[in-house]
Amino acid sequence: MEALERMEHYRSLFRQSYDDAGAFPSWFGRLRESAIESFTRLGFPAPGSEEWKYTSVDPIASVPFVHANGEGKAVTGDIFAAAFVDEACARLVFVNGAYSARLSSLSELPAGVRVAGLRAALAANDPVLEMRLGRAARFREQPFVALNTALMEDGAVVLVPEGCRMAAPIYLVFVSLAQEQPLQSQPRNLVVLGAGSEAAIVECYVGIEAGNYFTNAVTELFAAEDAVVDYYRIQREAARGFHVGALEARLSDRCSLTAHAITLGGSLVRNDLRVVLDGEGAECVLNGLYLADGDRHVDNHTEIEHAKPRTRSLELYKGVLSGSARGVFNGKIIVHKDAQKTDARQTNKNLLLSDRAVANSKPQLEIYADDVKCSHGSTIGQLDRDALFYLRSRGLAPDDARSLLSYAFARDVVGRVKIPALKERLDDYLAICFDRKREPGR
Amino acid sequence: MLEIKNLRVKVGEKEILRGINLTVAAGEVHAIMGPNGSGKSTLAHVLAGRENYQVTAGEVRYNGKDLLAMSPEQRARDGVFLAFQYPVEIPGVSTTYFLKAALNAVRKHRGQEELDAMDFLTLIKEKINLVEMDQVLINRPLNEGFSGGEKKRNEILQMAVLDPRLAILDETDSGLDIDALRIVAGGVNALRRPDRSMLVITHYQRLLNYIVPDFIHVLFDGRIVKSGAKELALELESKGYDWLKSPAAGLS
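Residue numbers (the numbering used here), protein chains in the order written: chain B, 1 to 442; chain R, 443 to 694.
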């Protein structure tokens, strides 16, 4: 498709879904209209633009993806194993972008916690939606956020009331099933945490079957004072799936967010995680892991804004790249003028397991305050020779030593997962990836 | 057990070992002392099979076999163990995980059955007492954030589990305070056996108060310039190394 044709394609998708959207409140329609205007103005990111330096979205833009028409083929329970979901916990499941009541389970929720599909929440016109939706996500500046906002119809809404400490995580599962025509879905999630609440939210994106499709997901997360959030974004799209995802989080005073972004699948992937530390003493920890082989391309952008004093951020992103895969890390840290006593630490480590694999790592610090501690470090390299020798000197064969070290490199991030059942499932997955035996008690 | 004959080793263009001769019988503990840069650690690493060292002359026999022809993992499986001066940190896997993989590689080679998680746990619990190590430590990422003493105890724990025939302790006392030194040495002493030999490499005589060797050799400038019984350590303690540095001393 030519550039104009591409835009027209998405405008026509917008009109289609807009016509169908009679049941949605009028403010929602206005938000979407404003977003399609932004998308029309912004267009797909141009090749070589600063924010998309190493990633061409041409493969995405050139395919006329369409909306899914219903669930299509029945999804079986196996999907939960593939998506690392603990079936004992509450979950919302979406198939090709649409909420599936059949696969979801909300019986385990504590009183006062509201969890629903966005479509249903809009039908009830919950006032929190109008107040929050589109307020953290930058649909006027980010092309894919604009596209998502223009085309959003469904997704997860999670509202945790003040002081509620949830014992168990909530899983949000997004399943893509390939159909005859390449499909697109635009999941839109909203998570709002009341003051002093505690919650763990696990988003899992999973693709079944080999076809080409496009998932463009956006999550907005708002946390009031003293909230503690454990947030996961686990992406295991199918081999030919395209995935673009954004988290836009806004934290108030003394909030603590731990975000884990684990990218295991997809052929062309872009993740944007943005956290605004918008309250004194707020802190975030970002843990990222990306594994890519073959000719897969994974681009991670993170942006942490220290907007208030005494905010802290700690970021660790690790990539394992083999074949002729490419991994990109761009970590921006912005410290506002008033954000004195900021403490920001960023580390990116890339392990290249083949000569053809490529990593691009770019820290970007913009510091406007003078009393701050900021550090960043980045490495790109092969397995450490000293470590290989150490393992061999204990009796491990070279292949075994390499596999153990690669596994350890990746597990360093998975080891930080706080939900035991999820950690175990991810651990099992890594053990298979790196040809390790499954071991209890690692 | 171990027979080193006229071993000469280069790193790049520089000759570090210039004709080492040393014989260690089963059950003996030999200490190798010497000033910095004398070649002590090079000798340890060459025996363990480290790359980047070029053996230009001589041979090493280990239980009659040509040790230098063996890969590092073959040596380990055949019972050679090196306790590192600077143990490597491996974030992401615990000591337990790593050591079980190592032990099973060794057991497989010896024709023994691999240990399952339960059996291994029983074994390691027994061995950590030897080095008075906190059990929490062995489930933490290998050596990551360990103190110097904890790392060295971990090395001795690995030695206890892997059950070697020839243990080479490379500056195991470096960076240890007196309490840690006593514990580490106690672990080593408990592992002394008639069928196990040890090469204890150290800069200081201090360690030899705790691990009493059968023989002491002084390495200087790539050669063993003096050998003697354990009393030699005391002589070195009072006189330092300088008196051995004249060429004639080596002949005495």
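Virtual Cβ for every residue (Gly too), placed ideally from N, Cα, C.
Residue contact with chain B for F526 (chain R): present (Cβ-Cβ distance below 8 Å to some residue of chain B). In the DSSP secondary-structure assignment, G207 (chain B) is bridged to B:S176. Annotation: the segment 112 to 151 of chain B contains the following complete segments of the beta strand (DSSP E) (minimum length 3 residues), in chain order: 114 to 117.
In the structure shown, the three-state DSSP call for S378 (chain B) is strand. Ranking R:L563, R:A467 and R:A544 by CA distance to the CA of A401 (chain B) puts R:A544 first. Among the residues of the segment 378 to 398 of chain B, those with a Cβ less than 7 Å away from any Cβ of chain R are D386, A387, F389, Y390, R392, S393, R394, G395, L396 and A397, in the order of the chain. With a cutoff of 8 Å on beta-carbon distance, L321 (chain B) and A357 (chain B) are scored as near each other. A408 (chain B) reaches chain R at I532, P533, G534, V535, Y539, F540, P583 and L584, counting residues in chain order whose Cβ is nearer than 9 Å. Excluding residues up to 5 positions away in sequence, E225, L251, S252, D253, R254, C255 and K308 lie with their Cβ nearer than 7 Å to the Cβ of G279 (chain B) in the same chain. Beta-bridge partners of A473 (chain R) (DSSP): R:V642 and R:I658. E597 (chain R) does not reach chain B, its nearest Cβ partner there being about 10 Å away, counting only Cβ pairs nearer than 8 Å. Within the DSSP secondary-structure output, C284 (chain B) pairs in a beta bridge with B:L257 and B:S313. Here V145 (chain B) is actually not in contact with I201 (chain B); their C-beta atoms are around 19 Å apart, not less than 8 Å. Look at L405 (chain B): its C-beta is under 8 Å from a C-beta on chain R. Residue burial annotation: M131 (chain B) is exposed, with fewer than 16 other C-beta atoms found within 10 angstroms of its C-beta.
Its Cα nearest to that of L396 (chain B), the residue R:E515 stands out among R:E515, R:G469, R:G461 and R:N478. By the Cβ neighbour-count rule, Y368 (chain B) is exposed, with fewer than 16 other Cβ atoms within 10 Å of its own.
Between R310 (chain B) and H376 (chain B), the alpha-carbon positions lie close to 18 Å from each other. Contact annotation, E203 (chain B) with A137 (chain B): C-beta distance approximately 15 Å; criterion of less than 8 Å not satisfied. Residue R:T537 holds the alpha-carbon nearest to the alpha-carbon of K569 (chain R) among R:Y646, R:S513 and R:T537.
H336 (chain B) sits in coil when the DSSP states are folded into three classes, being neither helix nor strand. V642 (chain R) is positioned such that its CB atom lies closer than 8 Å to that of L649 (chain R).
Look at Q496 (chain R): its C-beta is not under 8 Å from any C-beta on chain B.
Taken through DSSP and simplified to helix, strand or coil, Y683 (chain R) comes out as coil.
Nearest C-alpha to G155 (chain B) among B:L365, B:R6, B:E209 and B:F94: B:F94. When Cβ pairs closer than 8 Å are counted between the two stretches, the segment 580 to 587 of chain R is seen not to touch the segment 489 to 501 of chain R, the count staying below three.
Against D400 (chain B), the close residues of chain R are A543 and A547, in the order they occur along the chain (beta-carbon pairs closer than 8 Å). By the Cβ criterion, the segment 95 to 114 of chain B is not in contact with the segment 224 to 239 of chain B, since fewer than three pairs of Cβ atoms, one from each stretch, lie closer than 8 Å. For F24 (chain B), the secondary structure class from DSSP, reduced to helix, strand or coil, is coil. Take the alpha-carbon of D126 (chain B) and the one of E108 (chain B): they are about 22 Å apart. Separation of the CB atoms of G591 (chain R) and L633 (chain R) is rounded to 18 Å, and the pair is thereby denied contact status at 8 Å.
Among the residues facing chain R, R411 (chain B) is included, as its CB has a counterpart in that chain under 8 Å away. The three-state reading of DSSP puts R634 (chain R) in coil, since its state is none of H, G, I, E or B. Listed in chain order, the positions of the segment 232 to 266 of chain B with a beta carbon within less than 7 Å of a beta carbon of chain R would be empty, since no residue qualifies.
Apart from the 5 residues on each side of it in sequence, P529 (chain R) sits with its Cβ closer than 7 Å to the Cβ of N585, K593, N596 and E597 in its chain, given in chain order. Put simply, the CB of L604 (chain R) is near chain B, with a gap under 8 Å to one of its CB atoms.
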